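Number of protein chains: 2
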Amino acid sequence: MSSKSKVPTISQIAERAGVARSSVSRAFTRPELLSATTVLRVKRVAEELGYVPNSSARALSTGKTGNIAFLVPDVANPYFPPMIRSAQLAAENLDYCVFLADFEESGLKEEKLIERFAGKVEGVILISSRMPEKRLKVLAEKIPIVLVNRDVLGIPRVLIDAGSSLKQAVRLLAHQGHQEIAYLSGPSETWTNKQRQAAISEVTNELGLQLVVIPTEKPSLESGQAIVDQMISSRVTGAIAFNDLIAHGIMTELSSRALTVPSSFSIVGCDNSISPFTNPPLTSVSNETTEAGKIACEMIMGVLGEMNSKNDQLKVLETLLIERETIGPPCK
Amino acid sequence: MSSKSKVPTISQIAERAGVARSSVSRAFTRPELLSATTVLRVKRVAEELGYVPNSSARALSTGKTGNIAFLVPDVANPYFPPMIRSAQLAAENLDYCVFLADFEESGLKEEKLIERFAGKVEGVILISSRMPEKRLKVLAEKIPIVLVNRDVLGIPRVLIDAGSSLKQAVRLLAHQGHQEIAYLSGPSETWTNKQRQAAISEVTNELGLQLVVIPTEKPSLESGQAIVDQMISSRVTGAIAFNDLIAHGIMTELSSRALTVPSSFSIVGCDNSISPFTNPPLTSVSNETTEAGKIACEMIMGVLGEMNSKNDQLKVLETLLIERETIGPPCK
DNA sequence: TGTTGACATGCAACCGGTTGCAGGGTACGG
DNA sequence: CCGTACCCTGCAACCGGTTGCATGTCAACA
């Protein structure tokens, strides 16, 4: 309808400014190659006409899109947004734009998404990847990948190690007199879950405690609620959950059965996402997700710069146990 | 280094398959124009060589990038992730990719982001836009825009109307005997805030209640904590907060002063984001953010399809007051 | 057997930038 | 006064797809 929908191109700027198309291009990308007056003239005309460089065209000729993709298992899981935010901010400072996608905890969907983004981005940041290691390695040959919370040799990665904090939590429970505790596990195939479970199991063995592992469907509130029966019938007196959501599901369900925390059960969460808000406030493990997002972003930029030799960076971030009010002496 | 970093192009596929470049292109985009055997042959060769169409090139010649941008004031605010998630899913189903960016509650940053994305996307979804109406209208002429929680005539928009639920909350407080209540306001220039405040004020006037408006710095937990003094000194007995975060900040600070909810103060939140997790569970207004994200996405696709006549769609979503445990009779 | 038309494919221009190379102009040194 | 070097600018090819048009083939029909 309106004439303003016309976006001007370098050709139009060039004509109007009386220079060649290449000069217009250079005025924006390599102004030091032109005389100051030409640059000024071009820029003024461009401003006047509302010129915006067409980034598809630029991407086509330079081979750089200026985009990266950020793939997470579940956007709505409160664990991820702070990480997304910091990564996006970091990218923006380097003049990159970030695509966000949710692979719904599925390795298949994850792979489909990577393929779909492959042509649109220069690199991909994968959070808590569910893909088989083999596929990851294959894809990493085609497109720069940085992993967060997944440990694959040869692919740059940043790991958040909750191990020491969880060990501390187990000792705390033991100190209070708990003999049998449960680990309410998360997605079984993830690095995060394996690593958390291993840390816990190491200490329970060391201290001679009984450890019961109860799997959950998803790391969600509902899944937590769904396993309360199992937890009760397993005779444990305390539980460490894969994350805060599961822990809170447990607490909700317990309270609907008139069982209170920590007098009936001791509960520990992980990730410190909703733990400050629960009733009572949940003892949990705080981790630097914000830092992780930023580092992942910086890492991928580094990879883009080099692009040649084998890249095997590894960054491990530590965590902190935050004691609140859900640990007490065992009930019985 | 490795030969696999070479991404094949249509030319290579064409040569290998013994057809013209255009046939390769058509094999993927308009296969019905080719014989079945040719399509098959091309696809097999493509598969073999690991061909992936270069989307910059495609975007350049078709003018369609297949991307949209989703701009939010604060990714980490738990109000937004469900909306982001549903919008992204909806986009994906239509084969679109979505850029996510955080404009940090700033209209200036918002505008910068729009300009930056302008060349990369076909449309922009703006959540709780902070930009002046005038600028919005100007930008909407250049690029398709859909607004969420912002009401500008002539720009397609979806509004979540918490008005009736908040009115109900005021009535509930009045019914309990509260005479003076506070509205802990959110970002003053936002549509959401104005609309919420107006609804509350309408009922307090109607019922002859005293309404004190207390502004907050940001719609965050910390800002809630920071205004507790003001709230106490204003002599109100109940408060409705712009959102759950502010409400929870209030509750936290009150409890650190040994004041309990609802016996000392009655508190109502909004958005139903963290309200199920607070201690005690916060009475709040539930809204269909998931639905809003999906609708916004569908709307922008609609706009892309038409692209011509004036587009003034408007969709209003209703809300629900969820009564939990933070309303009681006034203290004094 | 000649005409017609549908169908399949190729040719070449085009999308809007970027960039290597060449050439014109000017200043400076010999 | 000429050679040279440097600075600025233009030309034209190229990035990898898409698409209007032309061509060629073959079957059906009169």
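Read top to bottom, the protein sequences are chains H and P. Residue numbers for the first sequence, in this note's numbering: 1 to 332. Residue numbers for the second sequence, in this note's numbering: 1001 to 1332. The beta carbon of each residue, even a glycine, is placed where N, CA and C say it ideally should be. Since the structure is predicted, the reported quantities are computational estimates derived from the model, not experimental observations.
Please state whether DSSP places Ala-1020 of chain P in a helix, a strand or coil. Walking along the second sequence from the start, residue 1020 of chain P turns up at place 20. In this structure, Ala-1020 of chain P counts as coil in the three-state DSSP scheme.
Quick one, are the C-beta atoms of Val-285 of chain H and Thr-326 of chain H less than 8 angstroms apart? If you number the first sequence from 1, residue 285 of chain H lands on position 285. If you number the first sequence from 1, residue 326 of chain H lands on position 326. Not closer than 8 angstroms, so no.
Relative to the C-alpha of Ser-223 of chain H, which residue among H:Leu-184, H:Arg-235, H:Ile-232 and H:Gln-197 is closest? Numbered from its first residue, the first sequence carries residue 223 of chain H at position 223. Ranking the options by Cα distance to Ser-223 of chain H, first place goes to H:Leu-184.
My assumption, with CB atoms under 8 angstroms, is that Val-1268 of chain P sits in contact with Ala-1241 of chain P. Please give the rounded CB distance. As a working mapping, residue 1268 of chain P is identified with position 268 in the second sequence. As a working mapping, residue 1241 of chain P is identified with position 241 in the second sequence. Sure, about 7 angstroms apart at Cβ, within 8 angstroms.
Measure from the alpha carbon of Gln-313 of chain H to the alpha carbon of each residue in H:Ser-23, H:Ser-188, H:Arg-157 and H:Ser-201, then state which is nearest. Indexing the first sequence from 1 puts residue 313 of chain H at position 313. Considering only alpha carbons, the answer is H:Arg-157.
What do you get for Met-1 of chain H, buried or exposed, if any count of 16 or more other CB atoms within 10 angstroms of its CB means buried? Translated into positions along the first sequence, residue 1 of chain H becomes position 1. Legend: pLDDT at Met-1 of chain H = 31, less than 50; position of this residue unreliable, no value from coordinates given.
Please check if any C-beta of chain P sits within less than 8 angstroms of the C-beta of Leu-100 of chain H. Sequence index remark: in the first sequence, residue 100 of chain H carries index 100 (1-based). Yes, Leu-100 of chain H counts as interfacial toward chain P.
Hey, is Ser-1256 of chain P close to the ligand NAD, as in C-beta under 7 angstroms from one of its heavy atoms? In terms of ligand content, the structure shown is empty, and the ligand NAD therefore cannot be addressed.
In the DSSP assignment, find the beta strand (DSSP E) that holds Asp-1102 of chain P and state where it starts and stops. Along the second sequence, one-based indexing puts residue 1102 of chain P at 102. Note, Asp-1102 of chain P: beta strand (DSSP E), 1097-1102.
Hey, out of H:Ala-90, H:Thr-319 and H:Gly-328, whose CA is closest to Val-98 of chain H's CA? Against the first sequence, residue 98 of chain H aligns to sequence position 98. Ranking the options by Cα distance to Val-98 of chain H, first place goes to H:Ala-90.
Does the distance from the CB of Glu-202 of chain H to the CB of Val-228 of chain H come in under 8 angstroms? Here residue 202 of chain H refers to the residue found at position 202 of the first sequence. Here residue 228 of chain H refers to the residue found at position 228 of the first sequence. No.
For Val-1213 of chain P, collect the residues of the same chain with a Cβ closer than 6 angstroms to its Cβ; drop the 5 residues on either side in sequence, then sort them by chain order. Position 213 of the second sequence holds residue 1213 of chain P. These residues qualify, in order along the chain: Tyr-1183 and Ser-1185.
Distance, Pro-1187 of chain P Cα to Met-1131 of chain P Cα: Position 131 of the second sequence holds residue 1131 of chain P. Position 187 of the second sequence holds residue 1187 of chain P. When rounded, the distance between both Cα atoms is 13 angstroms.
Please confirm whether Ile-267 of chain H has its beta-carbon closer than 8 angstroms to some beta-carbon of chain P. Sequence index remark: in the first sequence, residue 267 of chain H carries index 267 (1-based). Closer than 8 angstroms: no.
Using a Cβ cut-off of 7 angstroms, pull out every chain H residue sitting near Lys-1120 of chain P, in sequence order please. Taking the second sequence and counting its residues from 1, one reaches residue 1120 of chain P at position 120. Here the neighbours are Ser-55 and Cys-97.
Residue burial classification, Ser-3 of chain H (beta-carbon count within 10 angstroms, cutoff 16): Position 3 of the first sequence holds residue 3 of chain H. Confidence at Ser-3 of chain H is low in this model, with a pLDDT of 33, below 50, so the placement of that residue should be treated as unreliable; the coordinate-derived value is given next. The residue in question, Ser-3 of chain H, is exposed, as its Cβ has fewer than 16 Cβ neighbours within 10 Å.
Relative to the C-alpha of Leu-1207 of chain P, which candidate in P:Leu-1172, P:Glu-1288, P:Trp-1191 and P:Gln-1195 has its C-alpha closest? One-based indexing of the second sequence puts residue 1207 of chain P at position 207. That would be P:Leu-1172, whose Cα lies nearest to the Cα of Leu-1207 of chain P.
Compare the C-beta of Gln-88 of chain H with all C-beta atoms of chain P and state if any pair is closer than 8 angstroms. Counting from 1 along the first sequence, the entry for residue 88 of chain H is found at position 88. Yes, Gln-88 of chain H lies at the interface with chain P (some Cβ there is under 8 angstroms from its Cβ).
Only counting runs of 3 or more residues, tell me where the beta strand (DSSP E) segments fall wholly within the region 206-283 of chain H, in order along the chain. 210-215, 238-241 and 266-268
Close beta carbons around Ala-1292 of chain P, own chain, < 7 angstroms, minus the five adjacent residues each side: Here the question's residue 1292 of chain P lines up with position 292 in the second sequence. Met-1083, Val-1148, Val-1158, Ile-1160 and Leu-1317.
Where Met-1 of chain H sits in the DSSP three-state scheme: As a first step, residue 1 of chain H must be located in the first sequence, where it is residue number 1. At Met-1 of chain H the pLDDT is 31, less than 50, meaning the model places this residue with poor confidence; the figure from the coordinates comes in the next sentence. Here Met-1 of chain H sits in coil by DSSP.
Spell out whether any CB of chain H is found under 8 angstroms from the CB atom of His-1175 of chain P. Residue 1175 of chain P sits at position 175 when you count from the first residue of the second sequence. At a cut-off of 8 angstroms between C-beta atoms, His-1175 of chain P does not count as an interface residue with respect to chain H.
Between the region 116-133 of chain H and the region 68-79 of chain H, do at least 3 Cβ pairs fall closer than 8 angstroms? yes
Count Cβ pairs between the region 1008-1023 of chain P and the region 1039-1058 of chain P that sit closer than 8 angstroms; are there 3 or more? yes
Cβ-Cβ separation, Ile-274 of chain H to Asp-341 of chain H (assumed contact under 8 angstroms), whole Å: Past the edges of chain H, shown from 1 to 332, lies residue 341 of chain H, and the structure says nothing about it.
Rounded distance between the beta-carbons of Gln-210 of chain H and Glu-180 of chain H, thought under 8 angstroms: What you label residue 180 of chain H is simply residue 180 of the first sequence in a count that begins at 1. What you label residue 210 of chain H is simply residue 210 of the first sequence in a count that begins at 1. Confirmed, Cβ separation roughly 4 angstroms.
Check whether the Cβ of Phe-1242 of chain P lies closer than 8 angstroms to any Cβ atom in chain H. Position 242 of the second sequence, counted from the start, is the residue given in the question as residue 1242 of chain P. False, the Cβ-Cβ gap to chain H never drops below 8 angstroms.
Using the Cβ count rule (16 or more neighbours within 10 Å means buried), how would you classify Thr-29 of chain H? Translated into the one-based positions of the first sequence, residue 29 of chain H becomes position 29. Thr-29 of chain H should be labelled exposed.
Smallest Cα separation from Thr-1237 of chain P: which of P:Asn-1287, P:Thr-1062, P:Pro-1078 and P:His-1178? The sequence position of residue 1237 of chain P within the second sequence is 237, counting from 1. Cα-wise, what sits closest to Thr-1237 of chain P is P:His-1178.
Coil, strand or helix - Arg-157 of chain H by DSSP: Taking the first residue of the first sequence as 1, we reach residue 157 of chain H at position 157. Here Arg-157 of chain H sits in strand by DSSP.
Using beta-carbon positions only, say whether Gln-176 of chain H and Pro-329 of chain H come within less than 8 angstroms of one another. On the first sequence, residue 176 of chain H is found 176 positions in, with the first residue counted as 1. On the first sequence, residue 329 of chain H is found 329 positions in, with the first residue counted as 1. Against a cut-off of 8 angstroms, the Cβ pair of Pro-329 of chain H and Gln-176 of chain H comes out as a contact.
Should Pro-58 of chain H go down as buried or exposed, given a rule of 16 or more other Cβ atoms within 10 Å for buried? As a position in the first sequence, residue 58 of chain H is number 58, starting the count at 1. Pro is not the amino acid found at residue 58 of chain H; the sequence shown has Arg there. Answer is buried; the Cβ neighbour count reaches 16.
So what's Thr-326 of chain H in DSSP terms, helix, strand or just coil? Position 326 of the first sequence, counting from 1, holds the residue named residue 326 of chain H. Here Thr-326 of chain H sits in coil by DSSP.
Comparing alpha-carbon positions, which option in H:Arg-235, H:Ala-174, H:Leu-166 and H:Asn-193 lies nearest Thr-283 of chain H? In the first sequence, counting from the first residue as 1, residue 283 of chain H sits at position 283. Among H:Arg-235, H:Ala-174, H:Leu-166 and H:Asn-193, the Cα nearest to that of Thr-283 of chain H is on H:Leu-166.
Listing by chain order, which chain P residues have their CB less than 7 angstroms from the CB of Phe-339 of chain H? Only positions 1 to 332 of chain H appear in the structure, and residue 339 of chain H is not among them; the question remains open.
DSSP-derived helix/strand/coil call for Gly-1302 of chain P: Counting from 1 along the second sequence, the entry for residue 1302 of chain P is found at position 302. Annotated three-state conformation of Gly-1302 of chain P is helix, per DSSP.
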